[in-house]
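From first to last, the protein sequence lines stand for chains A and B.
Numbering (the UniProt record's numbering) for the first sequence: 1 to 246.
Numbering (the UniProt record's numbering) for the second sequence: 1 to 246.
Read through the structure below, which is laid out as structure tokens, and then see the notes.
There are 2 protein chains.
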Amino acid sequence: MERLKCTLQYDGSHFSGFQIQPGKRTVQGILEKALQKMHKGEPVRIHPSGRTDTGVHAKGQTIHFDSPYNIPMYNWKQALNTLLPDDIYVKQVEVVPNTFHARYDVVEKEYRYYVYHAKEPDVFRRHYAYFFPYALDVASMQVACRYLEGTHDFTTFSSAKATTRGSKQRTLYQVTCEQRGAEIEFIFRGSGFLYNMVRIIVGVILDIGQGRREASDIAVLLSKRDRRAVGETVPAQGLYLCRVKY
Amino acid sequence: MERLKCTLQYDGSHFSGFQIQPGKRTVQGILEKALQKMHKGEPVRIHPSGRTDTGVHAKGQTIHFDSPYNIPMYNWKQALNTLLPDDIYVKQVEVVPNTFHARYDVVEKEYRYYVYHAKEPDVFRRHYAYFFPYALDVASMQVACRYLEGTHDFTTFSSAKATTRGSKQRTLYQVTCEQRGAEIEFIFRGSGFLYNMVRIIVGVILDIGQGRREASDIAVLLSKRDRRAVGETVPAQGLYLCRVKY
Chain A
1 MERLKCTLQY DGSHFSGFQI QPGKRTVQGI LEKALQKMHK GEPVRIHPSG RTDTGVHAKG
61 QTIHFDSPYN IPMYNWKQAL NTLLPDDIYV KQVEVVPNTF HARYDVVEKE YRYYVYHAKE
121 PDVFRRHYAY FFPYALDVAS MQVACRYLEG THDFTTFSSA KATTRGSKQR TLYQVTCEQR
181 GAEIEFIFRG SGFLYNMVRI IVGVILDIGQ GRREASDIAV LLSKRDRRAV GETVPAQGLY
241 LCRVKY
Chain B
1 MERLKCTLQY DGSHFSGFQI QPGKRTVQGI LEKALQKMHK GEPVRIHPSG RTDTGVHAKG
61 QTIHFDSPYN IPMYNWKQAL NTLLPDDIYV KQVEVVPNTF HARYDVVEKE YRYYVYHAKE
121 PDVFRRHYAY FFPYALDVAS MQVACRYLEG THDFTTFSSA KATTRGSKQR TLYQVTCEQR
181 GAEIEFIFRG SGFLYNMVRI IVGVILDIGQ GRREASDIAV LLSKRDRRAV GETVPAQGLY
241 LCRVKY
């Protein structure tokens, strides 16, 4: 058996998220179907770096799986891409040690979130950015970002529905936001992320950008460790899993 | 009766083109359904500047229609956008003289075509640009563009299936192509365009970029007045109707 690591891109618009579910079109379902075809009907289980929700995109998701086949790596990539629909693309396939695990071995993840900040919507961005037509003070949002960097308990900024056990302490190495043309790009790099964490944080930063909160409120909110202290989770379509480091 | 002119944007990915067809999702079908709803069940016929094919996008299509209602223009826009799905957006509604015609009064149209020029495809561009992984000499493509500007008989560069009667002479005011990051942007401004004209021209320019033809062949091809002299029509998803001038 050989363990293979794949790096992939997918447009989350037409998937019911990553995780396999009966009767739903999911990234895992489509990938496992393609692998099963390559393995003459034998089921092959894949393991992602983490799940993504319905509508969330990936530019650099990673998965691993085991295969009895000894295929040159370029052929793996080509064979998989031939079998996959046009909204998933395998960028790289590598042979890794049998001890490698796509989820447990993650040392850093990078997410980006895009806000389409204009008076009127753009139909071409509707699945790829969150349309936000209200005035924003980007400078105060940038100050807020700085308060999030470092090691904190992110209970306030994670879904109350999450079933995460153990510590909700995580380290964020980078939290930035920049105006790029009509869009605001948020970059989050961290040791790990709790369920809905990026989307809840972006919601609070947008509150700060609108002047509904102060940037310095972040410290108070972190210390509350209570999801109810903050507002709504922003929509999935602005979120991209960009890179996973091992 | 008041004549109204609308400027609209649509993502062509999930439409079977502009023109109404029974049982198909078309831009005209969706627009007329929304207008019929606003007119208490009375059918309202719309007239576009021209049709667009399946998969072709619009950033500035225009239509006109007649209505017995006297509604402030901002309300027209808002009412229509409320009734329309998220892949069509009305940017502007104007009252125009009853003699105005969205098709017959066109004095200039602008189309753009996008080629995604990279070694590997990008899932996020699959509906919005033509993926072309082969080497291209953009400088010779730019020379070819110059040969197309001006007044010519474009029979060679229009679909043989077209039912256009009368002259196939058109004037192109601008034909340009520029590398923009991983994409090549073509801009076409002209007095009018024959069926498939932009997509056939882009195919020939890409042949020139690959060195399969010389830029100066354009003059010879124009003089042949024969669609069979040139190669295939490039895919619809790279094409955008950007602006219509009256």
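Every residue, glycine too, gets a C-beta built ideally from N, C-alpha and C.
- V198 (chain A) and Y113 (chain A) have their alpha carbons spaced roughly 8 Å apart.
- According to DSSP, residue pairing for Q169 (chain B) in a beta bridge involves B:D153.
- Per DSSP, Q36 (chain A) lies in no beta strand (DSSP E) segment; the continuous alpha helix (DSSP H) that holds it begins and ends at 27 to 38.
- For the region 83 to 116 of chain B, the set of positions with a beta-carbon nearer than 8 Å to some beta-carbon of chain A reads D86, D87, I88, Y89, K91 in chain order.
- Per DSSP, K224 (chain A) is one residue of the alpha helix (DSSP H) stretching across 217 to 224.
- The alpha-carbon separation between Q36 (chain A) and E42 (chain A) amounts to approximately 5 Å.
- In the three-state scheme derived from DSSP, where H, G and I count as helix and E and B as strand, D66 (chain B) is classed as strand.
- Excluding residues up to 5 positions away in sequence, L8, Q9, N81 lie with their Cβ nearer than 7 Å to the Cβ of Y89 (chain B) in the same chain.
- Taking the CA atoms as reference points, R126 (chain B) sits about 13 Å from G12 (chain A).
- In the DSSP secondary-structure assignment, G181 (chain B) is not bridged to any residue.
- Nearest to Y111 (chain B) by alpha-carbon distance, out of B:P22, B:G192, B:R25, is B:G192.
- Looking at A:F15, A:G60, A:L84, the one whose alpha-carbon comes closest to that of Y240 (chain A) is A:G60.
- Close CB contacts of V107 (chain B) within its chain, under the 8 Å cut and outside five residues either way in sequence, are with S191, K245, Y246 (chain order).
- One finds V123 in chain B with Cβ atoms closer than 7 Å to the Cβ of Q9 (chain A), taken in chain order.
- Counting the other Cβ atoms within 10 Å of the Cβ of D226 (chain B) gives fewer than 16, which makes it exposed.
- Classified as exposed, N75 (chain A) has fewer than 16 neighbouring CB atoms from the shown chains inside 10 Å of its CB.
- Within chain A, the C-beta atoms nearer than 8 Å to that of E120 (chain B) come from Y89, K91, in chain order.
- Contact with chain A is absent for R243 (chain B), since none of that chain's Cβ atoms lies less than 9 Å from the residue's Cβ.
- Under DSSP, Q19 (chain B) forms no beta bridge with any residue.
- Judged by their CB atoms, Q237 (chain A) and Y134 (chain A) are not nearer to each other than the 9 Å cut-off.
- At a C-beta separation below 9 Å, Y128 (chain A) has these neighbours in chain B: F124.
- Cβ-Cβ distances below 7 Å link S140 (chain A) to I208, G209, A215 in the same chain, with the five nearest sequence neighbours on each side left out; the list follows chain order.
- In chain order, Y116, P121 place their CB closer than 6 Å to the CB of F131 (chain B), counting only its own chain and leaving out the 5 sequence neighbours on each side.
- The region 83 to 99 of chain A makes no contact with the region 24 to 31 of chain B; the number of CB pairs closer than 8 Å stays below 3.
- For a cut-off of 8 Å, the C-beta gap from I46 (chain B) to I63 (chain B) is around 5 Å, short enough to register as a contact.
- For the 9 Å CB-CB criterion, D153 (chain B) and L222 (chain B) form a contact.
- Nearest CB-CB separation between H47 (chain B) and chain A: not below the 9 Å threshold.
- Excluding sequence positions up to five before and after E178 (chain B), its CB lies within less than 6 Å of the CB of E185, all in the same chain and listed in chain order.
- Assignment of beta-bridge partners to H57 (chain B) by DSSP yields B:Y240.
- Residue environment analysis places H57 (chain B) among the buried positions, since at least 16 neighbouring C-beta atoms fall within 10 angstroms of its C-beta.
- Only exposed fits T151 (chain B), as fewer than 16 other CB atoms lie within 10 angstroms of its CB.
- In the same chain as F100 (chain B), and ignoring 5 residues on each side of it, the C-beta atoms closer than 8 Å to its own belong to R3, K5, H64, Y246, in chain order.
- Annotation for T52 (chain B): no beta strand (DSSP E) segment contains it, and DSSP assigns it neither H nor E.
- DSSP, read as helix, strand or coil, puts T82 (chain A) in helix.
- No Cβ-Cβ contact shorter than 9 Å links S159 (chain A) with Y104 (chain A).
- Going by DSSP, V198 (chain B) is part of the alpha helix (DSSP H) stretching over 197 to 209.
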